[in-house]
């Protein structure tokens, strides 16, 4: 499906080195948007930029860590220097580190909070003025936050991850009260089981095996299928806000 009115827009996608972020970046670029790719792995970003350019798209690799305020500020400055102001932000960077609460892994809890919650806020802080200005000029302006089905449905040993995603879902809901009156759309995307690298973060053979069992029984979405949902939502007429989209494999729904 083609979404022609994405052409000419300027997007920032975090977590763009792999998975949903990579797929979103490629999809937006294919529709004619200029895309700034933010992630920590510079080599992966550059390889993706080369693929996008080979396909006729326009992209910029920006090595950045959303857990570091100076890094996010430097990324914003580079995006502005190269592409100018931004009218579409996709907050996708995230980590999933499941383990029982009884394990007391404070370092993992802090990493998930810093990336999945505070990282989202840092990116919003960096590009909020761009979105408001774009909307004020009569252009379409979008903030997309990628949450998870885990924001609503508890899974054993995923309590902290689910809590971070619940925070993102609530943040999106609340931000609409601030951004909506300024004509900036806020869309919250909540994927179910999806084929990404998040599974590779799991360091427990037991939990990894449980997830494999769920994938075998239920199946999973591809990252490209979730990216298509992002592209659809952000290509609607500017007065239409698809505020919350839960996208799941049929057997999980």
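Residue numbers (our numbering): 53 to 305.
For glycine and all other residues, C-beta sits at the position ideal for the given N, C-alpha and C.
Which ranges would you report for the alpha helix (DSSP H) in the stretch 216 to 278 if only whole runs of at least 4 residues count?
-> 257 to 270
Rounded C-alpha distance that separates residue 78 from residue 94 | 16 Å
Where DSSP assigns a beta bridge to residue 298, which residues make up the other side?
-> 242
Ordered list of alpha helix (DSSP H) runs contained in the stretch 80 to 138, each at least 4 residues = 94 to 106 and 121 to 135
Please report the Cβ distance between residue 96 and residue 70, rounded to the nearest whole angstrom; I am assuming they are in contact, meaning their Cβ atoms lie under 8 Å.
-> 7 Å
Please work out which residues of its chain come closer than 8 Å, Cβ to Cβ, to residue 266, disregarding the five sequence neighbours upstream and downstream, and give them in chain order.
-> 245
Please list, in chain order, all residues of the same chain as residue 121 whose beta carbon is under 8 Å from its beta carbon, the five residues on each side excluded.
-> 174
Could you check the C-alpha separation between residue 182 and residue 234 for me, to the nearest Å?
-> 12 Å
Mind reading off the beta-carbon distance from residue 186 to residue 193? Whole number of angstroms is fine, and I expect it under 8 Å.
-> 4 Å
Helix or strand or just coil, what does DSSP make of residue 192?
-> coil
Exposed or buried, which one is residue 83 when buried takes at least 16 other CB atoms within 10 Å?
-> buried
Compute the distance between the beta-carbons of residue 85 and residue 112, then report whether it is under 8 Å.
-> no
Starting from residue 140, trace the beta strand (DSSP E) both ways and give me its first and last residue.
-> 140 to 143
Quick one: is residue 302 buried, meaning 16 or more other Cβ sit within 10 Å of its Cβ, or exposed?
-> exposed
Mapping DSSP to helix, strand and coil, what is residue 69?
-> coil
Between the CA atoms of residue 160 and residue 261 - distance to the nearest angstrom | 20 Å
From the DSSP output, in three-state form, read off residue 64 for me.
-> strand
Cα-Cα separation between residue 110 and residue 268, rounded to whole angstroms | 37 Å
Work out the CA separation of residue 286 and residue 80 for me, nearest whole Å.
-> 10 Å
Span of the alpha helix (DSSP H) around residue 160 = 158 to 164
Within the same chain, show all residues whose beta-carbon is closer than 6 Å to that of residue 142, passing over the 5 residues directly before and after it, in chain order.
-> 65, 76 and 196
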